[in-house]
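*Asks:* This is the structure I have questions about; it appears just below.
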Amino acid sequence: MFQRTFLILYCLAVSYVIADDYVVSNRRFPKDFKFGTASAAYQIEGGWDADGKGENIWDRSTHLYPEKNSYQNGDVACDSYNKWEEDVALLKDMGVNTYRFSIAWSRVLPTGFVNSSNSAGIEYYKKLIAALKENNIEPLVTMHHWDIPTYLEDLGGFLTAEMQTWFVDYARFLFENFGDDVKEWITFNEPKQTCEHGYGSGALAPNIQGPGTKDYICGHNLIIAHGKAYRLYENEFKAKQGGRVTMVIDSNWFEPASDLDADKEAAERNLLFTYGWFGHPINFGDYPDIMKERIANRSAQEGYESSRLPTFTEEEKAIINGTVDFMCVNIYTSSMAAAISEPDIVPLGPSRDLDIGTNVYQPDDWEPTVTSWFKVVPWGARKLVKWISDQYGQPEIIVTENGYHDNGTVIHDLETRGRYHKLYLSNLQDALYLDNVNLTGYMAWALTDDFEWQYGYNIQLGLYQVNFTDPERPRTAKDSAAFYKHVVTTRCLVEESECVD
Ligand code: NOJ
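Counted the way mature numbering (1 follows the signal peptide of the UniProt record, and there is no 0) counts, the sequence shown spans residues -19 to -1, 1 to 482.
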């Protein structure tokens, strides 16, 4: 039945592929390629105060500032706190070998401190992990996906260096409780978003504003927290648990607006200020030179005594240097970057954008989605993973998120979401086979529709639709779920008869 449905759906999709003048690869992905889907606790679990869970910054933001979150919240979300077995069944049916999910810090440690351990929360994740493993699905676990306990936020959150210790204590707690079964750990998801929008623009919880200052302080503490958690694992757990630790970094691909050197430099500068902000410290022990130079120069002109970008001590550099066992990237879209003359100095209004000092835009003729900043640019994915590979010495790379925004009403999404995954996967396969990028995995975001942060439920990316008005939160397969099932079971993007090894 599935095969027949797929064939019909596949034929519908072909015209898009040809129209792009881009021929989708018919090669199979390697046998051990990790295919999975990804999720985050706050976006799917619900049960926001169930069984002793503590409040986190998203509970607080959605309850206190509903206007910042589309007047919606994750109190129930997909109810995965109760319906996790159904989610595992969907994963099993899809045939994935990996599931990326996050642990809600405040569910296992309600205050955030290790002396507040919550057995019901621990039990929840133990059952989930056991069920995944029984079905041969490896857990890829994020420790922090944007939801620190409010207790810790009230003590300073990522703006205080104490966060480094709190996070390492939490990491130890996770390794001790789950490390026998979890072999791949992600310390932080998308730190750029946590810092730039949690503590810079204020668009995301904890909704603090401090562009050009607090965002960099947040990043600094977060990077050191990551480094210390990595060293903890390396020194005390790796020998007996045998796992790996990494960080997930998001970035657009930035395409030079022209062949002029200045535009090429503008594009490179954006990549270094975006991926390199976190990628360089955990690989090389320090921020990219261009970040250090530009922020120091502009800070001096603005009248600051020292750079707005904090400096790592020699000891911190040694801690963070080389703290990544494989690289991860979340890829959604791309931008063009053009050189401009140096932006004016605005003493009271620094920002990361001004520090970068380029013109970033998306051309009108790039294919739009429902979200203003999100255009469909499959070739950018290939270039981005190649850039990461070149920058960091051909490391293993996993695409830990990739997915398509719509308004959540479309079940027959083969020509939109299905085509998006197909074209991005094909371009990523080109990176793997034609550019020698050591790409070992791909996690589609997301298994189910979910609470999409400040957009609430108005934007969706799931392979399964969730009816958020029904107390039972029923899941319904979209056409893209059938397509992705075909991909993971055949390791191929086209009709099975056309696939070659
Ligand atoms: C990245 C974030 O990690 C995830 O939580 C979010 O839902 C997706 N982007 C989709 O926008």
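C-beta atoms are modelled at their ideal positions from N, C-alpha and C, and glycine is treated no differently.
Measuring CB to CB, does D430 end up less than 8 Å from Q446?
*Replies:* In contact: D430 and Q446 (Cβ atoms closer than 8 Å).
*Asks:* Does any heavy atom of the ligand NOJ sit closer than 7 Å to the C-beta of L133?
*Replies:* Outside the cutoff, so no.
*Asks:* Would you kindly report the start and end of the unbroken alpha helix (DSSP H) that includes H207?
*Replies:* Counting along the chain, the alpha helix (DSSP H) containing H207 begins and ends at K195 to L213.
*Asks:* Can you have a look at F(-18) and say buried or exposed, based on whether 16 or more other CB atoms are within 10 angstroms of its CB?
*Replies:* Caution applies to F(-18), whose pLDDT of 41 falls short of 50 and renders its modelled position unreliable; the value that the coordinates give is listed next. With fewer than 16 Cβ atoms within 10 Å of its Cβ, F(-18) is classed as exposed.
*Asks:* Given R9, which residues of its chain have a CB within under 6 Å of its CB, disregarding the five upstream and five downstream residues?
*Replies:* Counting only Cβ-Cβ distances below 6 Å, and skipping sequence neighbours, we find R472, C473, C480 and D482.
*Asks:* Go through its chain and collect everything with a Cβ distance to A319's Cβ below 7 Å, but skip five positions before and after it.
*Replies:* Contacts found: A238, D244, A247, T339 and N340.
*Asks:* Taking 7 Å as the cut-off, does the CB of G17 come closer than this to any heavy atom belonging to the ligand NOJ?
*Replies:* Not under cutoff, so the answer is no.
*Asks:* If you follow the beta strand (DSSP E) that N170 is part of, which residue opens it and which one closes it?
*Replies:* Unbroken beta strand (DSSP E) run through N170: E165 to N170.
*Asks:* Taking F169 as the reference, which of M228, E453 and Q24 has the closest Cα?
*Replies:* If we check each option's Cα against that of F169, M228 comes out closest.
*Asks:* Taking D2 as the reference, give the member of L413, Q410 and L404 with the closest Cα.
*Replies:* For D2, the nearest C-alpha among the options comes from L404.
*Asks:* Between E286 and R279, what straight-line distance do the alpha-carbon atoms span, to the nearest angstrom?
*Replies:* Roughly 11 Å separates the two Cα atoms.
*Asks:* For W354, count neighbouring C-beta atoms within 10 Å of its own C-beta (all shown protein chains included) and say buried if the count is 16 or more, exposed if not.
*Replies:* Exposed, by the Cβ-count rule.
*Asks:* Using a Cβ-Cβ cutoff of less than 7 Å, which residues in the same chain neighbour V(-6) once the five nearest sequence positions on both sides are dropped?
*Replies:* In this prediction, V(-6) has a pLDDT of 39, which is less than 50 and means its spatial position is unreliable; what the coordinates show is noted afterwards. If we look at V(-6) and ignore the five residues flanking it on each side, it has no Cβ neighbours.
*Asks:* Cβ of N54 within 7 Å of any heavy atom in the ligand NOJ?
*Replies:* Result no, Cβ not under 7 Å from the ligand NOJ.
*Asks:* So for I369, helix, strand or coil by DSSP?
*Replies:* I369 falls in the helix class under three-state DSSP.
*Asks:* May I ask which residues mark the beginning and end of the beta strand (DSSP E) holding F16?
*Replies:* Segment K15 to A19, the beta strand (DSSP E) holding F16.
*Asks:* Taking A320 as part of the beta strand (DSSP E), name the residues at either end of that continuous run.
*Replies:* A320 -> beta strand (DSSP E) spans S315 to A320.
*Asks:* In chain order, what residues of the same chain have a beta carbon less than 7 Å from the beta carbon of L(-8), not counting five sequence neighbours either side?
*Replies:* Reliability fails at L(-8), whose pLDDT of 40 lies under 50, so the model's placement of it is uncertain and no value is given.
*Asks:* Once you ignore the five residues that flank F449 on each side, which residues in its own chain have a CB closer than 7 Å to its CB?
*Replies:* So the qualifying residues of the chain are Y438.
*Asks:* So, under 8 Å CB-CB, G17 and T79 are touching, yes? Tell me the CB distance rounded to an integer number of Å.
*Replies:* Their Cβ separation, rounded to whole angstroms, is 3 Å, which keeps G17 and T79 in contact under 8 Å.
*Asks:* Closer than 7 Å: is that where the CB of W426 sits relative to any heavy atom of the ligand NOJ?
*Replies:* Because some heavy atom of the ligand NOJ lies under 7 Å away, the Cβ of W426 counts as near it: yes.
*Asks:* Using 8 Å as the Cβ pair cut-off and three pairs as the minimum, do the stretch 324 to 340 and the stretch 356 to 372 touch?
*Replies:* Flag = no, the stretch 324 to 340 and the stretch 356 to 372 do not touch.
*Asks:* Out of curiosity, what's the CA-to-CA distance linking P91 and V4?
*Replies:* Distance between the alpha carbons of P91 and V4: 51 Å.
*Asks:* N439: beta carbon under 7 Å from a heavy atom of the ligand ADP?
*Replies:* With respect to small molecules bound, the structure shown includes the ligand NOJ and not the ligand ADP.
*Asks:* For the alpha helix (DSSP H) that Y23 lies in, which residues bound it at each end?
*Replies:* Its alpha helix (DSSP H) spans residues A22 to I25.
*Asks:* Which first and last residues belong to the beta strand (DSSP E) in which T339 is found?
*Replies:* Run containing T339: T339 to Y342, per the beta strand (DSSP E) assignment.
*Asks:* For the stretch 128 to 144 against the stretch 86 to 105, do three or more pairs of beta-carbon atoms, one drawn from each stretch, fall closer than 8 Å, so that the two count as touching?
*Replies:* The stretch 128 to 144 is in contact with the stretch 86 to 105.
*Asks:* Which class does C176 belong to by DSSP, given the choice of helix, strand or coil?
*Replies:* Helix.
*Asks:* Go to S232, then tell me how far its alpha helix (DSSP H) extends in each direction, as first and last residue.
*Replies:* Run containing S232: none; DSSP gives neither H nor E here.
*Asks:* Once the 5 residues before and after K64 are set aside, which same chain residues still bring their CB inside 7 Å of it?
*Replies:* Closer than 7 Å at Cβ, skipping near neighbours: R454.
*Asks:* Excluding sequence positions up to five away, which residues of its chain have a Cβ less than 7 Å from the Cβ of Y(-4)?
*Replies:* Confidence is the limiting factor: at Y(-4) the pLDDT is only 35, short of 50, which leaves the residue's position unreliable, though a coordinate-based value still follows. Closer than 7 Å at the Cβ level, and outside the excluded window around Y(-4), lie E396 and R400.
*Asks:* Taking the Cβ atom as the reference point for each residue, do G342 and S315 lie within a distance shorter than 8 Å?
*Replies:* This sequence places Tyr at residue 342; Gly is not what is there. It is not a contact, given that the beta carbons lie outside the stated cut-off.
*Asks:* Whole alpha helix (DSSP H) runs in the stretch 266 to 328 with 4 or more residues, listed along the chain?
*Replies:* Listed in chain order, the complete alpha helix (DSSP H) runs (minimum 4 residues) inside the stretch 266 to 328 are 270 to 283 and 295 to 301.
*Asks:* For the alpha helix (DSSP H) that contains H467, what are its first and last residues?
*Replies:* H467 -> alpha helix (DSSP H) spans D460 to T471.
*Asks:* Helix or strand or just coil, what does DSSP make of E433?
*Replies:* The answer is coil: DSSP assigns E433 none of H, G, I, E or B.
*Asks:* Between the C-alpha atoms of Q435 and S478, what's the straight-line distance to the nearest angstrom?
*Replies:* One C-alpha to the other measures close to 43 Å.
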